[in-house]
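What follows is a short report on a single structure.
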Amino acid sequence: MRKNRSTKIKSYTNNDDIYASVDLSTSLPKSHFPDTERNPRNVFNAIRDELLLDGNSRQNLATFCQTWVDDEIRELMDISIDKNMIDKDEYPQTAEIEARCVRMLAELWNSPSPETTLGCSTIGSSEAAMLGGLALKWQWRKKRAAQGGATDKPNLICGPVQICWHKFARYFDVELREIPLEGERLIMSPEEVLKRVDENTIGVVPTLGVTFTCQYEPVKEVSDALDELQANTGLDIPIHVDAASGGFLAPFCAPELEWDFRLPRVKSVNTSGHKFGLAPLGAGWVVWREATDLPEELIFNVNYLGGNMPTFALNFSRPGGQIIAQYYNFLRLGREGYQKIHSACYATAQFLANEIDKMGPFEILFDGDSSKGIPALAWKLKDGANIGGYTLYDLADKLRTRGWQVPAYSMPANRNDLVIQRILVRHGVSYDLGCLMLDDMKRALDSFARHPVAHSLTEEEASGFNHG
Ligand SMILES: *Cc1c(COP(=O)(O)O)cnc(C)c1O
Numbered sequence: 018m019r020k021n022r023s024t025k026i027k028s029y030t031n032n033d034d035i036y037a038s039v040d041l042s043t044s045l046p047k048s049h050f051p052d053t054e055r056n057p058r059n060v061f062n063a064i065r066d067e068l069l070l071d072g073n074s075r076q077n078l079a080t081f082c083q084t085w086v087d088d089e090i091r092e093l094m095d096i097s098i099d100k101n102m103i104d105k106d107e108y109p110q111t112a113e114i115e116a117r118c119v120r121m122l123a124e125l126w127n128s129p130s131p132e133t134t135l136g137c138s139t140i141g142s143s144e145a146a147m148l149g150g151l152a153l154k155w156q157w158r159k160k161r162a163a164q165g166g167a168t169d170k171p172n173l174i175c176g177p178v179q180i181c182w183h184k185f186a187r188y189f190d191v192e193l194r195e196i197p198l199e200g201e202r203l204i205m206s207p208e209e210v211l212k213r214v215d216e217n218t219i220g221v222v223p224t225l226g227v228t229f230t231c232q233y234e235p236v237k238e239v240s241d242a243l244d245e246l247q248a249n250t251g252l253d254i255p256i257h258v259d260a261a262s263g264g265f266l267a268p269f270c271a272p273e274l275e276w277d278f279r280l281p282r283v284k285s286v287n288t289s290g291h292k293f294g295l296a297p298l299g300a301g302w303v304v305w306r307e308a309t310d311l312p313e314e315l316i317f318n319v320n321y322l323g324g325n326m327p328t329f330a331l332n333f334s335r336p337g338g339q340i341i342a343q344y345y346n347f348l349r350l351g352r353e354g355y356q357k358i359h360s361a362c363y364a365t366a367q368f369l370a371n372e373i374d375k376m377g378p379f380e381i382l383f384d385g386d387s388s389k390g391i392p393a394l395a396w397k398l399k400d401g402a403n404i405g406g407y408t409l410y411d412l413a414d415k416l417r418t419r420g421w422q423v424p425a426y427s428m429p430a431n432r433n434d435l436v437i438q439r440i441l442v443r444h445g446v447s448y449d450l451g452c453l454m455l456d457d458m459k460r461a462l463d464s465f466a467r468h469p470v471a472h473s474l475t476e477e478e479a480s481g482f483n484h485g
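Per our numbering: the sequence shown ends with 485, consecutive numbering throughout.
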């Protein structure tokens, strides 16, 4: 006998087919906390099916984050499911693996003392940026207090930054002096940095791989300008590099570019392990040039988990699997493997930039040059070239019907007038997959030409997009 669907206590037999089961013959709870147990197999399938409605991450050409991993990483993540990164006493080998990764990164970024310097894993670049920013703020405050100066108006100078720096500034009460864009200049310049520094500047944050255009900001030129400033005025302004993407690209594909601890003024660097570090989601890093660049007051000694362990973090409990997977990548790939994977991405980015340029209506703003930025491309519409009256928001919308996420967005001030579209080429976005996307892009342009857009999409109407 079939039970009434509204009966509270449902019964089923283990022989029911999943889709003929009582569980899946009703709408599952969405707000009401469930009263009863359910069959795990049915619940699993219901949730897996719902997840089909999410985008297909491999076709997401907006994200910088890793969407493809080795089978070995899946296995390591599985056996690490119980590893708590904070519990360094219970999981000393996980802690040791984290420390090895810090030393390897310090060496990769040319720290003068990679064996003894300090650094830690985080959940991503955002947490790493908060820690880097806090260290700058504490160092500045100590210096100012020693000079007898006021310590109530700290400021931080940056170019067009990722939202995490806006968060840092607001959460930790620092004035963000974000350099506005002008004309063709879509990143910071040394001259614009110098216009904004004063005795309350806690640091300058160049981005190695700006999220909007994917270009590298000129870290060395900014550092040189600050050297000159110090020689002339005595002001000694440190640099923290937001190398969320570039930290795992430049060392392999632009080794001659000086952006890291080779420049003495660079005191700390953050990166996202889960972007071009190729680790699964939830891995970030921050490393200081030398141990003395991290103020001791920010380190907490946690002793109630057993041993006495120093930590610097915003979180407490945190999964350890990503860090173990990161270590696997370092051993598995080495400099050679990272260089090969990322070079393949750069080649694909340049190919796509060339093909999109040939389509006619677009002007390429960044073409995936490995000495200038990350494996990506960005373009804008040429004036009046959009036959059928489409905007880049319409094109993004059209591509989405085929599953591709190719975001369009406007630039920050003073170039809010400029709307651009961008593709990130990361591990797993192959040449061939790129060709399939190009075919869909051509089909979209044909369609606009045949069916002009009656009401073109504006930024407000287009679906939201986050620069991550
Ligand atoms: C992605 C990104 C961030 C934020 O990193 P998460 O790892 O997502 O927290 C910060 N800065 C830049 C330049 C980025 O590209």
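Glycine included, each C-beta is placed from N, C-alpha and C at the ideal position.
Every value quoted in this text rests on a predicted model; they were computed, and no experiment measured them.
Item                                                                                                                                                                : Value
Measuring alpha carbon to alpha carbon, tell me which of Arg467, Ser138, Trp182 and Glu275 ends up nearest Gly406.                                                  : Arg467
Taking only three categories from DSSP, how would you classify Gly351?                                                                                              : helix
Could you tell me whether the Cβ atoms of Lys212 and Phe81 are closer together than 8 Å?                                                                            : no
Would you call Leu252 buried or exposed, if buried means 16 or more other Cβ atoms sit within 10 Å of its Cβ?                                                       : exposed
Just confirm the distance between the C-beta atoms of Ser138 and Ile340, as a whole number of angstroms; I'd bet it's less than 8 Å.                                : 5 Å
How is the alpha helix (DSSP H) around Val239 delimited, first residue to last?                                                                                     : Val236 to Thr250
Go ahead and pull the three-state DSSP assignment for His359.                                                                                                       : helix
I need the DSSP call for Ser387, collapsed to helix, strand or coil.                                                                                                : coil
In chain order, which alpha helix (DSSP H) runs of at least 4 residues are fully inside the region 86-147?                                                          : 88-96 and 109-125
What is the DSSP secondary structure of Ala393, reduced to helix, strand or coil?                                                                                   : strand
For Ile358, which residues in the same chain have their Cβ closer than 6 Å to its Cβ, ignoring the five residues on either side in sequence?                        : His444
Ser447 and Val436: beta carbons closer than 8 Å?                                                                                                                    : no
Could you tell me which residues DSSP puts in a beta bridge with Arg194?                                                                                            : Ile174
Below 8 Å between beta carbons: does that hold for Ile103 and Thr418?                                                                                               : no
Around the C-beta of Arg91, are 16 or more other C-beta atoms found within 10 angstroms, so that it is buried, or is it exposed?                                    : exposed
Would you mind reading off the limits of the alpha helix (DSSP H) that contains Lys284?                                                                             : Looking at the DSSP string, Lys284 is not in any alpha helix (DSSP H); the run it does join, the beta strand (DSSP E), is Val283 to Ser289.
Work out the CA separation of Val470 and Ala479 for me, nearest whole Å.                                                                                            : 14 Å
Taking the alpha helix (DSSP H) that Ser59 belongs to, which residues open and close that run?                                                                      : The sequence given here has Asn at residue 59, not Ser. Where Asn59 is concerned, the enclosing alpha helix (DSSP H) stretches over Pro57 to Leu68.
So, with DSSP's three-state summary, where would you put Phe465?                                                                                                    : helix
For Phe368, I'd like the list of residues in its chain whose CB is within less than 8 Å of its CB, leaving aside the five on either flank, ordered along the chain. : Tyr448 and Gly451
Pick out whichever of Val304, Glu313, Leu266 and Leu78 has its Cα sitting closest to the Cα of Gly149.                                                              : Val304
Is the distance from the Cβ of Leu78 to the Cβ of Gln422 below 8 Å?                                                                                                 : yes
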